[in-house]
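Worksheet: one structure, shown below.
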Amino acid sequence: MLRQRISEIAANNRMALGAFGFLALLMLAFIVLQPSLFLRPDIYMAVFVSLPIFVIMTVPLVFIIVSGEIDLSFPSVIGVSAWVFALSARSGVPPFFAFLLALFVGAAAGLFNGILITRLRLSSLVSTLGMNFLLRGLINIGTQGNGISLTSVASTTFAQVLVGKIDRFPIQMMWAVAFTVFGWLLFNKHSFGMHIRCIGDNTDSSREMGIKVERTKTAAYVFIGLCSAVAGVWSTLINQTFYPTTGDGYLLQVLAAVFVGGTPTWGGIGTIAGAFIGACTIGTIETGVVAVGLTGFFTQFFYGLIIVLSLAGHRFNRGKSKF
Amino acid sequence: MPFLECKNLSKMFGNVAAVSGVDIQVSKGEIVGLLGDNGAGKSTLIGMIAGIYRPDSGKILINGHEVEKWDVPTARAMGIETVFQDRALVEQQSISTNIFMGREIRGTLGFVNLKRQKGESEKLIRDIGLTSRLIAPGTSVLTLSGGERQGVSIARALYFKAEIVIMDEPTTALSLTESEKVFDFIRRIKQEGLSCIFISHNIYHSYDVSDRFVVMDRGKLAYTCSKEETTAELLIKHMQRLAKGEVAAQ
Numbered sequence: 031m032l033r034q035r036i037s038e039i040a041a042n043n044r045m046a047l048g049a050f051g052f053l054a055l056l057m058l059a060f061i062v063l064q065p066s067l068f069l070r071p072d073i074y075m076a077v078f079v080s081l082p083i084f085v086i087m088t089v090p091l092v093f094i095i096v097s098g099e100i101d102l103s104f105p106s107v108i109g110v111s112a113w114v115f116a117l118s119a120r121s122g123v124p125p126f127f128a129f130l131l132a133l134f135v136g137a138a139a140g141l142f143n144g145i146l147i148t149r150l151r152l153s154s155l156v157s158t159l160g161m162n163f164l165l166r167g168l169i170n171i172g173t174q175g176n177g178i179s180l181t182s183v184a185s186t187t188f189a190q191v192l193v194g195k196i197d198r199f200p201i202q203m204m205w206a207v208a209f210t211v212f213g214w215l216l217f218n219k220h221s222f223g224m225h226i227r228c229i230g231d232n233t234d235s236s237r238e239m240g241i242k243v244e245r246t247k248t249a250a251y252v253f254i255g256l257c258s259a260v261a262g263v264w265s266t267l268i269n270q271t272f273y274p275t276t277g278d279g280y281l282l283q284v285l286a287a288v289f290v291g292g293t294p295t296w297g298g299i300g301t302i303a304g305a306f307i308g309a310c311t312i313g314t315i316e317t318g319v320v321a322v323g324l325t326g327f328f329t330q331f332f333y334g335l336i337i338v339l340s341l342a343g344h345r346f347n348r349g350k351s352k353f
Numbered sequence: 407m408p409f410l411e412c413k414n415l416s417k418m419f420g421n422v423a424a425v426s427g428v429d430i431q432v433s434k435g436e437i438v439g440l441l442g443d444n445g446a447g448k449s450t451l452i453g454m455i456a457g458i459y460r461p462d463s464g465k466i467l468i469n470g471h472e473v474e475k476w477d478v479p480t481a482r483a484m485g486i487e488t489v490f491q492d493r494a495l496v497e498q499q500s501i502s503t504n505i506f507m508g509r510e511i512r513g514t515l516g517f518v519n520l521k522r523q524k525g526e527s528e529k530l531i532r533d534i535g536l537t538s539r540l541i542a543p544g545t546s547v548l549t550l551s552g553g554e555r556q557g558v559s560i561a562r563a564l565y566f567k568a569e570i571v572i573m574d575e576p577t578t579a580l581s582l583t584e585s586e587k588v589f590d591f592i593r594r595i596k597q598e599g600l601s602c603i604f605i606s607h608n609i610y611h612s613y614d615v616s617d618r619f620v621v622m623d624r625g626k627l628a629y630t631c632s633k634e635e636t637t638a639e640l641l642i643k644h645m646q647r648l649a650k651g652e653v654a655a656q
């Protein structure tokens, strides 16, 4: 009975287990190459500072990709939410309320994306690409390239709750794990996640069965907008500064984390546990590559190598079946 | 009094009158064979009855009462379930997800009672004769045969206590054995006292299971008769004459 249950769990989580196997191999390689660093907690504490930003973006992007769409605008939504947070906090708004404002901006950007895609029926690839440029352009025009220092906010209780440390452990990593559990429940046990999977699997069938396709997709964009806002605030609090480039550079890495995690490109199926593992894989590469003694010039090469190898691994793992 | 009565239903797509002034009635326990060539308007008519298309004119009555706002949830609430030509399945998902899609058994805060859904699906798939030990509620629909997929689609209609099951070309692309399974499902629907609108290109298939026939031609009602009044061969002849334009629709 227990054996049957274990094999059932293994079959249901094949993609995530594959991703975990790959991460384990990667970590093993790092440990073998640089045991003095990778057998000590310090390097993991450093990774855990910024890894949560990958996690909080990878999980909602799974919902979007499983629904059969894409979002290329989240880096700029991260930026614009962080900007609103920094502007309000600097002008004396209590950090918690500044955070609420950032969430509002993130949700509004998501809603706008959702309307473009579901009501105006624009391609999500092109419209979110446009939004990415549009919002980044707005930040550049508004800031004229100048950052906003927020050192005074760093010592507040709000900042300590969001990005403080317990002993040396960054609190945001605990939030990221809790968020992954929430995302997993939403994706696997909630009607929202089920509808997302059904829509990505077959939109016409979902509509025929009474699923509100437009509303559900829009909700997924609002969800990723909210998560982008949290990522933006995290990033600003960690750096104690808002940079006009906040969010830039996450696009390809977060997308890669989704696919390295085992979610396929064609929609209908995906894995949240895998997304978390994919984020850990991608989030570790840069630190790992530098820590084993290579220069930063090698980072992109290893990103590419690991993405291609892990996708080939998933293909092999899926065997002859389509998924 | 018929359970379902459609009066003067019409639907235009652009300049094309897909359905024009069609009346159709279905009584309890009756199986109506809806026949017609490609483009006759059969799928548009059932699309209106299922609530997918909004009629341009006409009305739909249930037990003699006109229903004002007619859409998919209303049609379902009135007991009209549709087994679509494309089967309306999500193939990468489990049988259980397919049965409850859009009408999940929900608990607190919208979370789905997966255990109950699994239990109900288990009973249902055994009930409709999907008895293979390899088929379980968690089985992906992608692994099922065409007949078994149609079975899942029909099981969904049965679970939600349909009064009328509309079946749009349920035997298309199925083998003889699989088609026979579908006919077993339809006979079962009749045994349970439910009604069915059975749409098929194959007149022999339709003749086998239907009590009454409604023939459509170019968006209009062309001919209606009971099984006692006709034979499959007569129906074929009549449809051939319609196609040649020797007789006209009403």
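Protein chains in written order, with our numbering: chain E, 31 to 353; chain U, 407 to 656.
For every residue, glycine included, the Cβ atom is placed at its ideal position computed from N, Cα and C.
Look up residue i in the DSSP assignment and give the residues it is bridged to.
i, result
"Leu410(U)", "Val432(U) and Ile468(U)"
"Leu415(U)", "Val428(U)"
"Pro574(U)", "Residue identity differs from the one stated: residue 574(U) is Asp in this sequence, not Pro. Asp574(U) is bridged to Ile605(U)."
"Ser196(E)", "First, the residue type needs correcting, since residue 196(E) is Ile and not Ser in the sequence shown. Bridge partners of Ile196(E): Phe199(E)."
"Ile178(E)", "Phe272(E)"
"Ile437(U)", "Cys602(U)"
"Val422(U)", "Phe419(U)"
"Gly442(U)", "Met622(U)"
If residue i and residue j are in contact, beta carbons under 8 Å, what's the gap, nearest whole angstrom?
i, j, result
"Pro125(E)", "Ala119(E)", "5 Å"
"Gln202(E)", "Leu192(E)", "7 Å"
"Thr317(E)", "Ala76(E)", "6 Å"
"Leu410(U)", "Ser612(U)", "Leu410(U) to Ser612(U), Cβ: 18 Å. No contact."
"Gly457(U)", "Trp476(U)", "6 Å"
"Leu267(E)", "Ala184(E)", "7 Å"
"Lys417(U)", "Pro461(U)", "6 Å"
"Asn143(E)", "Asp101(E)", "7 Å"
"Gly262(E)", "Ile108(E)", "4 Å"
"Ala305(E)", "Val288(E)", "6 Å"
"Ile299(E)", "Arg227(E)", "7 Å"
Sort the options by Cα distance to residue i and report the nearest one.
i, options, result
"Val85(E)", "Gly240(E), His344(E) and Gly213(E)", "Gly213(E)"
"Arg166(E)", "Gly240(E), Gly122(E) and Tyr273(E)", "Tyr273(E)"
"Leu550(U)", "Lys529(U), Gln499(U) and Ile468(U)", "Gln499(U)"
"Ser106(E)", "Met161(E), Arg149(E) and Leu69(E)", "Met161(E)"
"Asp72(E)", "Pro200(E), Ile336(E) and His225(E)", "Pro200(E)"
"Tyr610(U)", "Phe591(U), Thr480(U), Thr577(U) and Gly625(U)", "Thr577(U)"
"Met659(U)", "Thr276(E), Ser236(E) and Gly277(E)", "With chain U represented from 407 up to 656, any question about residue 659(U) goes unanswered, as that position is not in the structure."
"Gly297(E)", "Val496(U), Pro479(U), Gly447(U) and Gly464(U)", "Val496(U)"
"Val79(E)", "Ala342(E), Thr325(E), Gly194(E) and Phe93(E)", "Gly194(E)"
"Ile605(U)", "Val478(U), Ser416(U), Val620(U) and Gln597(U)", "Val620(U)"
"Phe657(U)", "Met407(U), Cys412(U), Gly447(U) and Pro408(U)", "Limits of chain U in this structure are 407 at one end and 656 at the other, which puts residue 657(U) out of reach."
"His433(U)", "Gly535(U), Ile603(U) and Thr480(U)", "Going by the sequence as given, residue 433(U) is Ser instead of His. Selected option, being the one with the closest Cα: Ile603(U)."
"Leu627(U)", "Met407(U), Arg493(U), Lys417(U) and Val425(U)", "Val425(U)"
"Glu554(U)", "Ala568(U), Phe589(U) and Asn414(U)", "Phe589(U)"
"Leu341(E)", "Met45(E), Ala41(E), Glu38(E) and Ile36(E)", "Met45(E)"
"Ser601(U)", "Asp617(U), Ala542(U), Leu580(U) and Arg647(U)", "Asp617(U)"
"Val428(U)", "Ser463(U), Thr503(U) and Lys521(U)", "Ser463(U)"
"Arg624(U)", "Asn414(U), Met407(U), Ala423(U) and Gln431(U)", "Ala423(U)"
"Val489(U)", "Lys465(U), Phe566(U) and Thr545(U)", "Phe566(U)"
"Gln330(E)", "Ile312(E), Gly292(E) and His344(E)", "Ile312(E)"
Would you mind stating whether residue i and residue j have Cβ atoms separated by less than 8 Å?
i, j, result
"Gly98(E)", "Thr233(E)", "yes"
"Ile505(U)", "Ser527(U)", "yes"
"Val615(U)", "Ile437(U)", "yes"
"Gly308(E)", "Val320(E)", "no"
"Leu91(E)", "Ile254(E)", "yes"
"Tyr280(E)", "Met87(E)", "yes"
"Ala561(U)", "Val571(U)", "no"
"Ala249(E)", "Phe209(E)", "no"
"Ile455(U)", "Ile486(U)", "yes"
"Leu168(E)", "Val110(E)", "yes"
"Leu53(E)", "Cys310(E)", "yes"
"Val518(U)", "Lys219(E)", "yes"
"Asn347(E)", "Gly48(E)", "yes"
"Ala112(E)", "Ser265(E)", "yes"
Is any non-hydrogen atom of the ligand SAM found closer than 7 Å to the C-beta of residue i, if you look at the structure I gave you?
i, result
"Thr271(E)", "You won't find the ligand SAM in this model; it holds no ligand whatsoever."
Self-check item: alpha helix (DSSP H) segments (min. 4 residues) lying fully within the segment 114-163 of chain E
Solution: Listed in chain order, the complete alpha helix (DSSP H) runs (minimum 4 residues) inside the segment 114-163 of chain E are 125-148.
Quiz item: Curious, which full-length alpha helix (DSSP H) runs of at least 4 residues does the segment 233-312 of chain E contain?
Solution: The segment 233-312 of chain E contains these whole alpha helix (DSSP H) runs: 233-238, 243-269 and 281-290.
Quiz item: Which runs of the alpha helix (DSSP H) spanning at least 4 residues fall entirely within the segment 611-651 of chain U, listed in chain order?
Solution: Along the segment 611-651 of chain U, the alpha helix (DSSP H) occurs as fully enclosed runs of 4 or more residues at 638-650, listed in sequence order.
Quiz prompt | Entirely enclosed beta strand (DSSP E) segments - the segment 464-526 of chain U, minimum 3 residues | solution = Fully enclosed beta strand (DSSP E) runs of 3 or longer: 486-489.
Quiz item: In chain order, which alpha helix (DSSP H) runs of at least 4 residues are fully inside the segment 201-225 of chain E?
Solution: List check, alpha helix (DSSP H) in window: 201-218.
Quiz prompt | Ordered list of beta strand (DSSP E) runs contained in the segment 535-591 of chain U, each at least 3 residues | solution = Runs of the beta strand (DSSP E) inside the segment 535-591 of chain U: 570-574.
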